[in-house]
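Chemist: Going line by line, the protein sequences match chains U and F. According to my numbering, the residues represented by the first sequence are 1 to 156, in order. According to my numbering, the residues represented by the second sequence are 157 to 242, in order. All C-beta atoms, glycine included, are put in the ideal place defined by N, C-alpha and C. Small disclaimer: the values here were computed from a predicted structure and weren't measured.
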Amino acid sequence: MWMLSFIPDSFLIYVVNLILLAGAVGSVLFFFVLHRILRWFPALSPYYLLLQIISAALLVIGIYLKGGYSVEMSWREKVRIAEEKARLAEQQAAELNAKLNDEVKKKQKVIVENKIVYQDRIREVAKVIDKECKVAPEAIDIHNAAAKNKSLEKKQ
Amino acid sequence: MRFLMLIPTLLLTGCLTTAPKFPDVPEELKTACPELKEATKETQELSKLLDVVVVNYSTYYECRVKVDAWLQWHKEQKEIFDKAVK
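1) Excluding sequence positions up to five away, which residues of its chain have a Cβ less than 6 Å from the Cβ of Pro179 (chain F)?
2) Starting from the Cα of Val211 (chain F), find the closest Cα among U:Glu113, U:Gln92, U:Gly62 and U:Ala94 and give me that residue.
3) When DSSP builds the beta bridges, which residues end up paired with Lys134 (chain U)?
4) Taking Cβ positions only, does Asp120 (chain U) come closer than 7 Å to chain F?
5) How many angstroms separate the CA atom of Ile81 (chain U) from the CA atom of Ala240 (chain F)?
6) Given this structure, state the Cα-to-Cα distance separating Leu227 (chain F) from Leu100 (chain U), to the nearest angstrom.
7) Find out if the Cβ-Cβ distance for the pair Ile129 (chain U), Leu202 (chain F) is shorter than 7 Å.
8) Closer than 8 Å by C-beta to Leu185 (chain F): which residues in its own chain qualify, once you throw out the five before and the five after it? Chain order, please.
9) Please name the residue, chosen from F:Tyr216, F:Thr215, F:Glu183 and F:Lys193, that lies closest to Ile142 (chain U) on a Cα-to-Cα basis.
10) Would you mind telling me which residues of chain U sit closer than 9 Å to Ala188 (chain F), beta carbon to beta carbon, in chain order?
11) At what residue ranges does the region 31-118 of chain U contain a whole run of the alpha helix (DSSP H), taking only runs of 4 or more?
12) Strictly below 7 Å CB to CB, what residues from chain U border Leu202 (chain F)?
13) Where does Phe178 (chain F) sit, in a helix, a strand or coil, going by DSSP?
14) If you follow the alpha helix (DSSP H) that Ser151 (chain U) is part of, which residue opens it and which one closes it?
15) Hey, is the region 3-18 of chain U in contact with the region 49-60 of chain U, meaning 3+ C-beta pairs nearer than 8 Å?
16) Under 7 Å, Cβ to Cβ, is there at least one residue of chain F near Ala24 (chain U)?
17) Shorter than 7 Å from the beta carbon of Val210 (chain F) to some beta carbon of chain U?
18) Taking the Cβ atom as the reference point for each residue, do Gln108 (chain U) and Glu191 (chain F) lie within a distance shorter than 7 Å?
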């Protein structure tokens, strides 16, 4: 039945209804109406039986296809809903990304601005800070090791 | 007989899905956090060391913003995805 998905809806229902209608009308005619008339014409009797078989087959095929069509349509509806959900999810994801991108940029801008202010302040008060304090080389080693997550040699 | 090999190919078309595609990541989150800055060995002034410390603190906060954004990204994208496949 999945192969029906390649055929357009309107054409599919048209064909299915046509087969079903032909089967139903043919069955009523050849089983209930015409057999009373045609039995008076023995020459037509082989065709009459053939027409009965064909109309019954068309009716059965029509009913089967109608059921298949309903199932096909319900699947197409499910696919449509799933596609709509996927489209909505992609749209929401893109909106979220844009929002997050802006937030990150804003926060990082504030951090960089603050950093510049701190560095300016250090330069302003550098003389005061450096006046009575000289950093020992060991302090630099410890700082750099911590910055790079390196292990320090243990003192005995 | 060799045309029979086409049948499995046709059947495979029944496996098409409509799952949402994997969401993109914001450009700002695609860069790795930078290394922390080291002070030069010759540094003796506390102000210069303090400058390096300030830069490193800023680097930490910039990186923290990214990690927080990743966490938020994952949480909200998961909610969106769960709603879509429910």
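Modeler: With the structure as the only source:
1) Along the second sequence, read from residue 1 onward, the residue named residue 179 (chain F) stands at position 23. Cβ-Cβ distances below 6 Å link Pro179 (chain F) to Gln233 in the same chain, with the five nearest sequence neighbours on each side left out; the list follows chain order.
2) Indexing the second sequence from 1 puts residue 211 (chain F) at position 55. Among U:Glu113, U:Gln92, U:Gly62 and U:Ala94, the Cα nearest to that of Val211 (chain F) belongs to U:Glu113.
3) Counted from its first residue, the first sequence places residue 134 (chain U) at position 134. Residue pairing by DSSP puts Lys134 (chain U) in a beta bridge opposite F:Glu201.
4) Residue 120 (chain U) sits at position 120 when you count from the first residue of the first sequence. Answer no: the Cβ-Cβ gap between Asp120 (chain U) and chain F never drops below 7 Å.
5) As a first step, residue 81 (chain U) is located in the first sequence; it is residue number 81 there, counting from the start. As a first step, residue 240 (chain F) is located in the second sequence; it is residue number 84 there, counting from the start. If you take the alpha carbons of Ile81 (chain U) and Ala240 (chain F), they lie about 10 Å apart.
6) As a working note, residue 227 (chain F) is residue 71 in the second sequence. As a working note, residue 100 (chain U) is residue 100 in the first sequence. For Leu227 (chain F) and Leu100 (chain U), the distance between alpha carbons rounds to 11 Å.
7) Within the first sequence, the letter at position 129 stands for residue 129 (chain U). Within the second sequence, the letter at position 46 stands for residue 202 (chain F). Against a cut-off of 7 Å, the Cβ pair of Leu202 (chain F) and Ile129 (chain U) comes out as a contact.
8) On the second sequence, residue 185 (chain F) is found 29 positions in, with the first residue counted as 1. Lys222, Ala225, Trp226 and Trp229.
9) Along the first sequence, read from residue 1 onward, the residue named residue 142 (chain U) stands at position 142. Ranking the options by Cα distance to Ile142 (chain U), first place goes to F:Lys193.
10) Numbered from 1 along the second sequence, position 32 holds the residue referred to as residue 188 (chain F). Within chain U, no residue comes near Ala188 (chain F); the closest Cβ sits about 14 Å away, beyond 9 Å.
11) Within the region 31-118 of chain U, the complete alpha helix (DSSP H) runs of at least 4 residues are 34-38.
12) Here residue 202 (chain F) refers to the residue found at position 46 when the second sequence is read from its first residue. Neighbours of Leu202 (chain F) in chain U, taken as residues at a C-beta separation under 7 Å, are given in chain order as Ile129, Asp130, Cys133 and Val135.
13) Along the second sequence, one-based indexing puts residue 178 (chain F) at 22. Coil.
14) Locating residue 151 (chain U) in the first sequence gives position 151, counting from the first residue. DSSP places Ser151 (chain U) in no alpha helix (DSSP H); its state is neither H nor E.
15) For the pair of segments examined, the region 3-18 of chain U was found not to touch the region 49-60 of chain U: the number of CB pairs separated by less than 8 Å stays below three.
16) By 1-based counting over the first sequence, the position of residue 24 (chain U) is 24. Chain F contact via Cβ: absent.
17) Here the question's residue 210 (chain F) lines up with position 54 in the second sequence. By this cut-off, Val210 (chain F) is an interface position.
18) As a working note, residue 108 (chain U) is residue 108 in the first sequence. As a working note, residue 191 (chain F) is residue 35 in the second sequence. Contact flag unset, no.
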